[in-house]
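Numbering (our numbering), first residue to last: 308 to 419. Down below is the structure, laid out as structure tokens.
Here it is in structure tokens:
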């Protein structure tokens, strides 16, 4: 009888630790200039802005973390000809930022 009680206490302790771990893990801090996309049971639920948020354990899941800061992409120099057949070398810089995190997550495959 003592072994059964010991095993049941260990099992209850492990389950309690697991539940406490999941509850602590469900508390999220979203940094400034970021946005987290939350799915509930596999479907889009809401967008978390900067700040402290609590999710429902076992049901809610953060699936995307979008950086809302401005990004720069450098375009490699290319040689091209103008309308009057003059050869010029052109390069560029693209500035982009995410304004709609839901559309950046679900609407396009790769916005970069």
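Just so you know, even glycine gets a beta-carbon here, dropped at the ideal spot from N, CA and C.
List the DSSP bridge partners of residue i.
i           : result
residue 351 : 346
residue 397 : 385
Can you tell me where the alpha helix (DSSP H) holding residue i begins and where it ends?
i           : result
residue 309 : 309-332
Looking at the structure shown, is residue i part of a helix, part of a strand, or coil, going by DSSP?
i           : result
residue 414 : helix
residue 409 : helix
residue 335 : strand
* Asked: What residue ranges within the stretch 356-389 form continuous beta strand (DSSP E) runs of no fewer than 3 residues, ordered along the chain?
  -> 358-361, 367-374 and 378-388
* Cβ contact check for the stretch 372-380 and the stretch 403-417: 3 or more pairs under 8 angstroms -> yes
* Asked: Does the stretch 382-398 come close enough to the stretch 337-353 that 3 or more CB-CB pairs lie under 8 angstroms?
  -> no
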